[in-house]
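Below: one structure, written as structure tokens.
There are 2 protein chains.
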Amino acid sequence: MQAMDLFRDLSTAGRDAVSRGLVRHDFQKGQTIVEKGQQVSGAYFVVRGELRVFTLSPGGKEATLYMIRPGETCVLALNSLFNKLLYPAWVQAEEASAVAVVPGALYRHLFASERVIQDLTVHALSTVVFRLMTELEQVHAWQLDQRLASLLLNKASDHGVVLKTQQEIAAHIGTTREVVARLLAEFAARSWITTGRGRITVRQPALLAAVIRRGGTI
Amino acid sequence: MQAMDLFRDLSTAGRDAVSRGLVRHDFQKGQTIVEKGQQVSGAYFVVRGELRVFTLSPGGKEATLYMIRPGETCVLALNSLFNKLLYPAWVQAEEASAVAVVPGALYRHLFASERVIQDLTVHALSTVVFRLMTELEQVHAWQLDQRLASLLLNKASDHGVVLKTQQEIAAHIGTTREVVARLLAEFAARSWITTGRGRITVRQPALLAAVIRRGGTI
DNA sequence: GCGTCTGCGTATCCCAGGTTACAGACCGCC
DNA sequence: GGCGGTCTGTAACCTGGGATACGCAGACGC
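As you go down the protein sequences, you meet chains E and X in turn. For the first sequence, our numbering assigns the number 21 to the initial residue and increments by one for each residue that follows. For the second sequence, our numbering assigns the number 21 to the initial residue and increments by one for each residue that follows.
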């Protein structure tokens with residue numbers, strides 16, 4: 021199992037403990053993994069797919085906090101693990117995903133004795149701090165068209181294709197579907213992108229990038 | 021020195037190393053401690069006062085990311101992340117503050133060998149993650165009047181006094197002075213607060229709290 | 001007392017973006 | 001090939017709050 025790569029450098033005792041305690045879960049695209057306020061225990065390692073950590077406001081509007089990619093750890097779990105706080109957000113499988121869960125007690129034990137786990141924990145936490153700070157900065161400083169352009173450039177495949185519905189995009193940048201449609205229409209009118217059902221193709225990445233750097237669309 | 025409390029549980033060797041390597045700095049209110057993009061290393065323990073971590077957008081508008089209070093740590097350089105990437109925000113002394121700085125190399129050494137430092141590090145990082153997530157959630161879900169009410173209730177002393185200028189408050193919640201004045205005027209018109217030069221007194225905390233829970237001022 | 005500086009109060013205007021309300025268009029399935 | 005569900009396009013409208021532009025009032029030094 022690929023997830024085991026993470027544990028290669030453990031002591032034999034540690035590896036034994038892990039192989040006994042590790043639980044693997046599979047999630048479908050869109051499936052909710054953790055709900056806000058839930059008491060979580062254990063560390064979640066993403067083996068395959070991608071997880072999305074997001075908030076849900078009373079009105080039902082979502083906003084992505086950050087993503088967790090394969091090989092990374094869900095630190096919220098670590099956070100709750102070490103602080104005894106309740107989980108402060110929702111987590112969902114962005115695509116079909118496989119997750120390896122190390123139960124809380126085992127993880128704390130490993131953290132106490134295994135150097136690799138200590139480093140990994142700190143690294144995971146730092147990464148999230150960095151991502152959250154970046155996100156927060158962008159929310160404050162950027163307009164929606166800049167955030168949208170940024171998302172398109174980030175999520176585009178090698179050939180500039182983004183396979184997402186407008187609804188999903190809206191949830192990512194924390195706005196509504198209509199607004200996304202409006203902004204995409206502006207981009208499309210300038211031939212920077214072309215749109216299709218569940219698909220956006222970036223035609224002029226350089227010009228999109230310019231939107232981010234500057235301040236406005238016009 | 022009070023900061024030494026933190027290091028009480030170190031091994032003798034560790035304590036020696038710290039007492040040799042620790043550098044104490046004093047900062048005036050408003051003084052900048054770290055600038056964005058600066059190459060920082062080590063850990064900052066707040067001994068006295070309070071630090072503010074914030075972003076500064078091109079337009080010059082500030083927005084507070086989170087605060088660090090006495091006894092808490094700002095872990096800047098533990099791994100490649102904050103070492104190689106540059107620090108993504110500004111840090112400023114919110115009040116006159118004393119900070120004990122543990123240089124990067126020493127901190128990494130301590131982290132590798134001292135149990136207390138490992139726990140402290142994870143705890144500090146988790147705390148920051150939690151604060152950032154909370155802040156991000158509020159930015160998305162709350163209106164400015166709610167954010168302002170929240171800030172007033174949080175920063176008020178025992179007798180409901182907040183000693184801040186409107187400019188400072190605006191920087192905290194990421195808006196402009198004029199908007200703060202407008203909202204404060206609304207609150208004052210309802211006799212929930214009274215205002216003065218550099219001072220706001222909360223008269224009806226319960227009603228302010230109601231603003232947060234609900235959705236609007238009216 | 002008098003100038004100067006810093007902070008407050010207020011009014012007017014304007015725009016990004018949220019809201020509402022439909023009208024297609026594509027997609028798979030029966 | 002018709003039908004229901006999911007997605008997109010778009011237009012008209014509304015509002016929170018950012019921008020601009022002052023005038024005024026304490027504080028503080030001289």
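Every residue gets a Cβ at the ideal spot worked out from N, C-alpha and C, and that includes glycine. If you're wondering where the values come from, they're calculated on a predicted model, not measured in any experiment.
Check: Gln112(X) beta carbon less than 9 Å from that of Leu71(X); Outcome: yes
Check: Simplified DSSP assignment, three categories, for Thr75(X); Outcome: strand
Check: Classification of Val242(E) by the beta-carbon crowding that lies within 10 angstroms, buried from 16 upward; Outcome: Only positions 21 to 238 of chain E appear in the structure, and residue 242(E) is not among them; the question remains open.
Check: Below-9 Å beta-carbon distance, Met153(E) vs any chain X residue; Outcome: yes
Check: Which listed residue (Glu55(E), Arg217(E), Val148(E), Asp165(E)) has its alpha carbon closest to that of Leu227(E); Outcome: Asp165(E)
Check: Cross-chain neighbours of Val159(X) in chain E, by beta carbon under 8 Å; Outcome: Leu156, Val159, His160
Check: Which of helix, strand or coil DSSP assigns to Glu82(E); Outcome: strand
Check: Contacts that Leu85(X) makes with chain E (C-beta to C-beta distance below 7 Å); Outcome: Met153, Leu156
Check: Segments assigned beta strand (DSSP E), at least 3 residues, entirely inside the stretch 195 to 225 of chain E; Outcome: 213 to 216, 219 to 222
Check: Interface flag, Ser31(E) vs chain X, CB-CB below 9 Å; Outcome: no
Check: Exposed unless 16 or more other CB atoms sit within 10 angstroms - verdict on Arg167(X); Outcome: buried
Check: Residues bridged to His45(X) [DSSP beta-bridge criterion]; Outcome: Val119(X)
Check: Same chain, Cβ closer than 7 Å to Leu85(X), five either side skipped, listed in chain order; Outcome: Val73, Phe74, Thr75, Ala109, Leu152, Glu155
Check: Test: Pro108(X) CB closer than 9 Å to a CB of chain E; Outcome: yes
Check: Amino acids of chain E, ordered along the chain, whose beta-carbon sits closer than 7 Å to that of Leu138(X); Outcome: According to the sequence as given, residue 138(X) is Gln; it is not Leu. Chain E residues near Gln138(X): Gln138.
Check: The ligand MG heavy atom lying under 8 Å from the CB of Leu42(X); Outcome: No copy of the ligand MG occurs in the structure displayed, which carries no ligand at all.
Check: Any chain X beta carbon closer than 9 Å to Thr141(E); Outcome: yes
Check: Start-end ranges of the alpha helix (DSSP H) lying completely within the stretch 109 to 157 of chain X, minimum 4 residues; Outcome: 124 to 133
Check: Best match in Asp29(X), Phe27(X), Lys81(X), Ser61(X) for proximity to Thr196(X) [C-alpha to C-alpha]; Outcome: Lys81(X)
Check: Cα-Cα separation, Arg217(X) to Ala201(X); Outcome: 12 Å
Check: Buried versus exposed call for Leu105(X) [16 or more other C-beta atoms within 10 Å across all chains shown]; Outcome: exposed
Check: Coarse secondary structure for Val231(X), derived from DSSP in three states; Outcome: helix
Check: Under 7 Å by beta carbon: chain X residues contacting Gly194(E); Outcome: His160
Check: Proximity of Ala125(X) and Phe47(X) at Cβ, strictly below 9 Å; Outcome: no
Check: Burial state of Leu30(X), where buried means 16 or more other Cβ atoms lie within 10 Å; Outcome: buried
Check: Residue span of the alpha helix (DSSP H) that contains Ala169(X), given as start and end; Outcome: 164 to 175
Check: C-beta atoms of Leu183(E) and Arg219(E) nearer than 9 Å; Outcome: yes
Check: CB of Pro225(X) within 9 Å of CB of Leu173(X), strictly; Outcome: yes
Check: Whole-angstrom distance between Thr221(E) and Pro123(X), CA atom to CA atom; Outcome: 48 Å
Check: Cutoff 9 Å: Thr215(E) Cβ touching any chain X Cβ; Outcome: no
Check: Cβ-based contacts, 7 Å cut-off: residues of the stretch 62 to 77 of chain E near chain X; Outcome: Thr75, Ser77
Check: Nearest residue (CA-CA) to Val142(X), options Ile193(E), Val66(E), Gly69(E), Val95(E); Outcome: Val95(E)
Check: Per DSSP, cross-strand counterpart(s) of Tyr107(X); Outcome: DSSP, once it has assigned bridges, lists no residue as partnering Tyr107(X).
Check: Simplified DSSP assignment, three categories, for Met21(X); Outcome: Bear in mind that the predicted position of Met21(X) carries a pLDDT of just 48, short of 50, making it unreliable; the figure below should be weighed with that in mind. DSSP places Met21(X) in coil when its eight states are reduced to three.
Check: Close-in-space but distant-in-sequence residues of the same chain around Gly88(E) (CB under 6 Å, 5 per side omitted); Outcome: Checking the displayed sequence, the identity of residue 88(E) turns out to be Ile instead of Gly. Here the set comprises Val66, Leu71, Cys94.
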